[in-house]
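Data block below; observations after.
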Amino acid sequence: MKITFLGTGTGIPQDGRVQSGVLLDTGKNLLLFDCGCGVLGRIHESGYEHKDIDAIIITHLHLDHVGDILALIKANWLLGKTDMRIYGPQGTKEWFEKTLDVYDYLRDRFTVEITELSPEEEFIPQGTEGNCNCNIRSAKTAHTDNSLAYRIESSHKTVVYTGDTEPCQEVMELAEDADVLIHECSFPLGFPMTNHTTPDLLTLMMDEYPLTAKKLYLTHLYPQMQGRYREATDHIRKYYKGEVIIAKDLMVVEIQDD
1 MKITFLGTGT GIPQDGRVQS GVLLDTGKNL LLFDCGCGVL GRIHESGYEH
51 KDIDAIIITH LHLDHVGDIL ALIKANWLLG KTDMRIYGPQ GTKEWFEKTL
101 DVYDYLRDRF TVEITELSPE EEFIPQGTEG NCNCNIRSAK TAHTDNSLAY
151 RIESSHKTVV YTGDTEPCQE VMELAEDADV LIHECSFPLG FPMTNHTTPD
201 LLTLMMDEYP LTAKKLYLTH LYPQMQGRYR EATDHIRKYY KGEVIIAKDL
251 MVVEIQDD
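Here you go:
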């Protein structure tokens with residue numbers, strides 16, 4: 001599998017980081033996890049084609065995670081692709097319908113198939129040519145009432161993507177023995193915060209639920225994290241034996257066979 005970090009930032013603009021988006025290439029299928037503002041442009045910069053994306057999988061419905069979804073679907077339509085599959089938490093259908101209400105001229109231009117998910121649900125996403133070659137399992141996160149994290153397994157490799165969350169038992173269990181865990185780390189050490197992650201909140205959770213994923217990538221980085229990346233990774237390494245990496249926009253990670 002190959003991971004491309006499209007957007008590693010948040011709702012506050014900063015140099016080099018757009019809003020949330022991760023592209024997962026299984027070798028057969030292309031899956032987009034979250035699609036915040038700026039992600040459509042990043043897909044183009046990455047060398048991939050937005051019209052080749054098989055499905056969009058949403059962690060939650062905050063604007064910095066869904067802001068470019070309709071723009072992507074419209075861009076597909078302009079190039080002759082008129083279908084898309086979206087997977088997301090409860091409420092995704094209502095959100096999409098209300099968004100289309102604002103842009104009524106786009107109705108009937110394309111077909112969007114939406115599947116709403118609950119925690120602990122397992123599914124195989126549908127691609128352009130049938131089943132994708134991966135299995136996905138969801139878990140509840142500590143962010144919104146319906147927010148979800150995902151564990152993606154393909155060709156004996158595993159990636160877990162948290163979306164936004166405070167560190168929680170459900171995510172730690174979802175990430176057990178994963179090859180890669182992509183975990184948000186919005187704010188620096190000691191920052192008072194709920195529903196998001198700081199390095200010390202993450203390691204506090206590790207004390208109770210040791211992290212067994214092989215590599216940890218930190219994303220969803222607010223401007224307050226600037227200048228404090230090394231501090232964050234050094235702190236986490238005291239509690240975690242794996243590799244800790246600060247994600248960057250357009251960073252590519254290939255998960256090699258053992």
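Count the sequence shown with UniProt numbering and you get residues 1 to 258, in order.
In this text, a Cβ means the ideal position worked out from N, Cα and C, and glycines have one as well.
The structure presented is a predicted model; accordingly, all values stated were derived computationally and were not measured.
Where residue i sits in the DSSP three-state scheme
i, result
"Arg-42", "helix"
"Ile-255", "coil"
"Asn-135", "strand"
"His-235", "helix"
"Leu-174", "helix"
"Ala-55", "strand"
"Val-159", "strand"
"Lys-93", "helix"
"Lys-241", "coil"
"Gln-226", "coil"
"Ala-247", "coil"
"Val-102", "helix"
"Gln-126", "strand"
"residue 330", "Nothing about residue 330 can be read from this structure; the chain reaches only from 1 to 258."
"Thr-115", "strand"
8 Å contact criterion, which residue i and residue j should meet: CB distance rounded
i, j, result
"Thr-212", "Asp-177", "5 Å"
"residue 260", "Glu-166", "This structure gives no information on residue 260, because the portion of the chain shown stretches from 1 to 258."
"Met-172", "Met-225", "Not quite, the Cβ-Cβ distance comes to about 22 Å (not below 8 Å), so this is no contact."
"Thr-128", "Asp-54", "6 Å"
Minimum C-alpha distance to residue i - residue among the options
i, options, result
"Gly-38", "Val-252, Ile-12, Lys-51", "Ile-12"
"His-143", "Glu-153, Glu-122, His-183, Phe-123", "His-183"
"Ser-20", "Val-244, Tyr-222, Glu-243", "Tyr-222"
"Gln-14", "His-220, Glu-254, Ala-232, Glu-243", "His-220"
"Gly-190", "Asp-179, Thr-203, Val-180", "Thr-203"
"Asp-52", "His-60, Leu-61, Leu-40", "Leu-40"
"Tyr-240", "Asp-200, Phe-96, Thr-158", "Asp-200"
"Val-18", "Phe-5, Gly-27, Asp-25, Leu-24", "Phe-5"
"Cys-185", "Met-251, Leu-218, Val-102", "Leu-218"
Burial state of residue i, where buried means 16 or more other Cβ atoms lie within 10 Å
i, result
"Pro-192", "exposed"
"Asp-68", "buried"
"His-235", "buried"
"Leu-63", "exposed"
"Leu-174", "buried"
"Tyr-105", "exposed"
"Asn-76", "buried"
"residue 293", "One cannot answer for residue 293 here, as it falls past the ends of the chain, which runs 1 to 258."
- Task: Check whether the stretch 83 to 100 touches the stretch 115 to 125, counting contact only when three or more Cβ pairs, one atom from each stretch, lie closer than 8 Å.
- Result: Touching, yes.
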